[in-house]
Amino acid sequence: MRIATWNVNSAKQRMPRLLPWLAERQPDVVCLQETKLTDAGFADLFDGPLAELGYEAAHHGQGGFNGVALLSRVGLADVERNFAGQPDYRGATEARAISATCAGVRIRSLYVPNGREVSSDHYDYKLHWLDALADAVAQGPSDVALCGDMNVAPADADVFDPGAYIGHTHVTAPERERLSAFGLVDVVRARWPEHDRLFSYWDYRAGMFHQDLGMRIDLVLASRPVADRVAAAWVDRAARKGKLPSDHAPVIVDLDEAPDGDIGPVVPPPSNPKRGGRTRLPQSRD
DNA sequence: ATGGTCGCAGAGCGA
Numbered sequence: 268m269r270i271a272t273w274n275v276n277s278a279k280q281r282m283p284r285l286l287p288w289l290a291e292r293q294p295d296v297v298c299l300q301e302t303k304l305t306d307a308g309f310a311d312l313f314d315g316p317l318a319e320l321g322y323e324a325a326h327h328g329q330g331g332f333n334g335v336a337l338l339s340r341v342g343l344a345d346v347e348r349n350f351a352g353q354p355d356y357r358g359a360t361e362a363r364a365i366s367a368t369c370a371g372v373r374i375r376s377l378y379v380p381n382g383r384e385v386s387s388d389h390y391d392y393k394l395h396w397l398d399a400l401a402d403a404v405a406q407g408p409s410d411v412a413l414c415g416d417m418n419v420a421p422a423d424a425d426v427f428d429p430g431a432y433i434g435h436t437h438v439t440a441p442e443r444e445r446l447s448a449f450g451l452v453d454v455v456r457a458r459w460p461e462h463d464r465l466f467s468y469w470d471y472r473a474g475m476f477h478q479d480l481g482m483r484i485d486l487v488l489a490s491r492p493v494a495d496r497v498a499a500a501w502v503d504r505a506a507r508k509g510k511l512p513s514d515h516a517p518v519i520v521d522l523d524e525a526p527d528g529d530i531g532p533v534v535p536p537p538s539n540p541k542r543g544g545r546t547r548l549p550q551s552r553d
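Residue numbers for the first sequence follow our numbering, so the first one is 268 and each next one is one higher.
1. Just to confirm, are Ala420 and Ile484 a CB contact at a threshold of 8 Å?
2. Considering only the beta carbon of each residue, do Leu251 and Val275 sit closer than 8 Å?
3. Quick one: using the 10 Å Cβ neighbour count with 16 as the cut-off for buried, is Thr413 buried or exposed?
4. Between Gln300 and Tyr378, how many whole angstroms is the CB-CB distance? I'm expecting something under 8 Å.
5. What whole-angstrom Cβ distance do Thr305 and Gln329 have, given they're in contact under 8 Å?
6. Assuming Phe350 and Leu400 form a contact by the criterion Cβ under 8 Å, report the distance between their Cβ atoms to the nearest whole angstrom.
7. Three or more beta-carbon pairs under 8 Å between the segment 385–404 and the segment 440–457, yes or no?
8. Classify Asp428: buried if its beta carbon has 16 or more other beta carbons within 10 angstroms, exposed otherwise.
9. DSSP three-state call for Ser447: helix, strand or coil?
10. Which stretch, first to last residue, makes up the beta strand (DSSP E) that contains Trp459?
11. By the 10 Å Cβ neighbour count, where 16 or more other Cβ atoms means buried, how is Leu289 classified, buried or exposed?
12. Three-state secondary structure (DSSP) at Arg542?
13. Taking Cβ positions, are Ala516 and Ala506 nearer each other than 8 Å?
Printed below as a string of structure tokens:
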């Protein structure tokens, strides 16, 4: 099963990139963020084309800002908008989370609040939002993947220059502690532990993408049973190139088949016949 | 090239 997550920065503007990308990459489950559409607006634009490509879709939007969606061609059960205990911002619930069960995995498409400035009310909102999400995830099923724009770079290797971010959001200890507190596996980092160029977001301004001056803030955080199935995990940089790109690239994760509980106990292989003494490798006799 | 990137909205703000 292939899972992808992509902050598209307006699904309407990204439609000419998104639909061909789906056809090319063939993800089974797609988490979208920043659709910037109402549910009706998303349905009008995407229901037809997505059905054509074989996807069911669930969208949670408000129009203008935020907006998240889940696309699936392997089932989309128990769709949940927001999450239990999700905090409001200045009295309003924002469209930043949608969840569903797809092929046995609880998938959450998340757009974590930006935080704007350290010591702003938006930063406090971000930390509370992550705390509440951790509580909700802890109450949920054991096979889970949090996918989306976390607006936190987990480590210094996840920004192009740690010095450039001193005093900024996305890299502070409280934000990073919130990510760790999920107790989940950052599957792209786990797959590429030494890489320092795994960025998923580059500012549109000043040729940042061209110079590869980015951040890795789009993550797939998986519970151990799901992380143990990861066969591939990568950032699809090609989707950030060319005309009318989002400022984020998609993250793609391939999972092997879930272990099947119905096949019974594994039968041990027959033991090797005794040969008397140590087994020897074939010797060349030239 | 006297701007500087987008998107939403239809001015300035959010990212």
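For glycine and all other residues, C-beta sits at the position ideal for the given N, C-alpha and C.
So, from the listed chains and residues:
1. For the purposes of this step, residue 420 is taken as the residue at position 153 of the first sequence. For the purposes of this step, residue 484 is taken as the residue at position 217 of the first sequence. In contact: Ala420 and Ile484 (Cβ atoms closer than 8 Å).
2. Lying outside 268 to 553, the shown extent of the chain, residue 251 is not represented and no answer is given.
3. If you number the first sequence from 1, residue 413 lands on position 146. A small correction: the amino acid at residue 413 is Leu; Thr does not occupy that position in the sequence shown. Leu413 comes out buried.
4. Translated into positions along the first sequence, residue 300 becomes position 33. Translated into positions along the first sequence, residue 378 becomes position 111. That belief holds up - the Cβ atoms of Gln300 and Tyr378 are roughly 4 Å apart, short of 8 Å.
5. Here residue 305 refers to the residue found at position 38 of the first sequence. Here residue 329 refers to the residue found at position 62 of the first sequence. Indeed they touch by this definition, with Cβ atoms about 7 Å apart.
6. As a position in the first sequence, residue 350 is number 83, starting the count at 1. As a position in the first sequence, residue 400 is number 133, starting the count at 1. Indeed, because the Cβ distance is near 6 Å, the residues count as touching under 8 Å.
7. yes
8. Counting from one through the first sequence, the residue named residue 428 turns up at place 161. It is exposed - the Cβ of Asp428 has fewer than 16 other Cβ atoms within 10 Å.
9. On the first sequence, position 180 is the one that residue 447 refers to. If DSSP states are grouped into helix, strand and coil, Ser447 belongs with the helices.
10. Position 192 of the first sequence, counted from the start, is the residue given in the question as residue 459. Trp459 -> no beta strand (DSSP E), and no H or E assigned at all.
11. Taking the first sequence and counting its residues from 1, one reaches residue 289 at position 22. Buried.
12. By one-based count along the first sequence, residue 542 stands at place 275. Low confidence applies to Arg542: its pLDDT is 46, below 50, so where it sits in the model is not reliable enough to give any reading.
13. As a working mapping, residue 516 is identified with position 249 in the first sequence. As a working mapping, residue 506 is identified with position 239 in the first sequence. The answer is yes: Cβ separation under 8 Å.
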